[in-house]
Each structure stands twice: as C-alpha cells, then as structure tokens.
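The block underneath contains the structure these notes are about, expressed in structure tokens.
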Amino acid sequence: MIICSCNALTNHDVEHAVDRGARRPSEIYAARNCKAQCGNCVPGMVCTLRALLQQRANDSGLPPSRRPADVVASFL
Numbered sequence: 001m002i003i004c005s006c007n008a009l010t011n012h013d014v015e016h017a018v019d020r021g022a023r024r025p026s027e028i029y030a031a032r033n034c035k036a037q038c039g040n041c042v043p044g045m046v047c048t049l050r051a052l053l054q055q056r057a058n059d060s061g062l063p064p065s066r067r068p069a070d071v072v073a074s075f076l
C-alpha cells in the first residue's frame with residue numbers, strides 16, 4: 001500500500017525502516033533518502049509506525065512494563 005505518493009513510500013518501506021531501527025517518520029524518510037513533501041502522508045505514516053511498533057512489542061513476549069520506552073512513545 002502506498003503511504004506517501006510524493007516519494008512512492010509503501011507500507012513495506014516503513015516496515016523495513018522499522019526493522020533497521022526507525023522510530024520516527026523522519027527516520028523512515030531518511031532510510032529512503034527523501035523528505036516529506038506535501039505532508040499529507042504524515043498522519044498515515046505515524047499510524048502505520050505506531051501499529052508496527054505495537055505489533056513488535058506484542059510479539060516480543062515481554063510484559064508491557066518491560067518493553068522499550070520508544071515502542072510506546074507518542075509521536076505527536
């Protein structure tokens with residue numbers, strides 16, 4: 001699914017960036033050597049990023065109190 005039409009970023013690009021340590025939209029853009037253009041994608045990017053990080057936290061098997069702080073941090 002296309003997340004950012006200006007830069008042709010997909011949900012797979014977001015997932016790969018998260019796998020490499022991205023925790024903020026700017027880090028996802030940097031992983032693809034681009035920047036947000038019009039900004040319309042940022043809310044969708046944040047939503048996708050939060051969902052991925054939450055999924056990874058749930059898959060870790062750790063109780064919520066033992067999960068890394070950046071996984072549950074707010075992006076706004």
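Under full-length UniProt numbering, the residues of the sequence shown are numbered 1 to 76, in order. Ideal Cβ positions, reconstructed from N, Cα and C, are used throughout, including at glycine. Note that the structure is predicted; figures quoted are calculated from it, not measured.
Roughly how many angstroms separate the alpha carbons of residue i and residue j, rounded to a whole number?
i: D13; j: Q54; result: 17 Å
i: M45; j: K35; result: 13 Å
i: L9; j: A51; result: 17 Å
i: G39; j: S26; result: 11 Å
i: E15; j: N33; result: 16 Å
i: C41; j: R56; result: 22 Å
Sorted by chain position, which residues of the same chain lie with C-beta nearer than 7 Å to residue i's C-beta, five sequence neighbours on each side aside?
i: A22; result: I28, A31
I'd like the list of long-range same chain contacts for residue i, defined as Cβ closer than 6 Å, with 5 residues on each side in sequence excluded.
i: Q37; result: C6
Measure the Cβ-Cβ separation of residue i and residue j and say whether it is below 8 Å.
i: L62; j: V18; result: no
Discussion item. Ignoring anything shorter than 4 residues, give me the alpha helix (DSSP H) runs that lie fully in the region 40-66, in order along the chain.
Written reply: Given a length threshold of 4 residues, each whole run of the alpha helix (DSSP H) inside the region 40-66 is given here in chain order: 42-59.
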